[in-house]
Amino acid sequence: MRKVLATAATLGLAALGAVVPATNAQASTACDNAYNAIPAGTFVAYNGANCGTTRLGATTSWDSDWGNSSGPFQGWDTNTAESLAYKSSDTRRVQLFNGTGTDWAGGHTCIGPNENYMDTLEQQYFTSGIEVENEISSHRFIWRGCGAVLDS
């Protein structure tokens, strides 16, 4: 009887192990596909993890207020990003801010030219200590420096 229980437990754990990596692989595939589909130099934010649900905006320029009615991000885009993709065409970074305005003050973080994408922004933080997920309100492209970089 003990051998039967041990065998059943082992098979159960093996089945669980097979399911978990498949989910991670699907997430990576979705973001890989999204990244491969965007032109060089483009930054994209998504309302949903794994580069899915809704594309909030796609741009090669800055936007100092994702919540206003101008620029590549507008209206409800502010504070709704859950994943990002950035296909760099040079060494610039995209600096993301928790606040708005062209003074570019407040908490910030960056996605670098070698990051490609962030399939989730959970447990990523601005320099102010605020979590990045659903809190991005503006962005700009910078050549160097940042203060904090998203950890993929």
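Read left to right, the sequence shown gives residues -27 to -1, 1 to 125 (mature numbering (1 follows the signal peptide of the UniProt record, and there is no 0)).
Backbone N, C-alpha and C define an ideal beta-carbon position, used for all residues, glycine too.
Whole-angstrom distance between residue j and residue i, CA atom to CA atom
i           : j    : result
Q97         : N71  : 12 Å
D92         : N107 : 13 Å
F46         : A121 : 23 Å
R113        : A58  : 14 Å
N89         : G40  : 25 Å
I11         : K60  : 7 Å
residue 130 : G102 : The shown model of the chain, from -27 to 125, leaves out residue 130, and the question about it has no answer.
W77         : F99  : 13 Å
residue 129 : G118 : Here the chain covers residues -27 to 125 and nothing more, so residue 129 does not appear.
I109        : D50  : 9 Å
D38         : T73  : 5 Å
T82         : V105 : 8 Å
I115        : T33  : 12 Å
G44         : L69  : 15 Å
E95         : L123 : 10 Å
Bridge-paired residues (DSSP) for residue i
i           : result
residue 192 : A query on residue 192 cannot be resolved here, the shown segment of the chain reaching from -27 to 125 and no further.
G33         : Per the sequence presented here, residue 33 reads as Thr, with Gly not at that position. Answer by DSSP bridge pairing: none, since T33 is not bridged.
A7          : Answer is none; A7 lacks a bridge partner.
E104        : Y98
T75         : DSSP, once it has assigned bridges, lists no residue as partnering T75.
T27         : N20
Host beta strand (DSSP E) of residue i (start-end)
i   : result
A54 : First-last for A54: undefined, no H or E at that position.
L94 : Where L94 is concerned, there is no enclosing beta strand (DSSP E), given that its DSSP letter is neither H nor E.
G20 : Going by the sequence as given, residue 20 is Asn instead of Gly. Per DSSP, N20 belongs to the beta strand (DSSP E) from 15 to 20.
Per-residue DSSP class, three states only, for residue i
i   : result
C83 : strand
T2  : helix
Expected contact under 8 Å - CB spacing of residue i and residue j to nearest Å
i   : j   : result
G21 : T27 : 7 Å
A7  : A54 : With 8 Å as the limit, A7 and A54 do not qualify as a contact, their Cβ atoms being about 13 Å apart.
N23 : S56 : 6 Å
G25 : A3  : 6 Å
Closer than 7 Å: residue i CB and nearest the ligand SAM heavy atom
i   : result
I11 : Of ligands this structure carries none, so the ligand SAM is not represented either.
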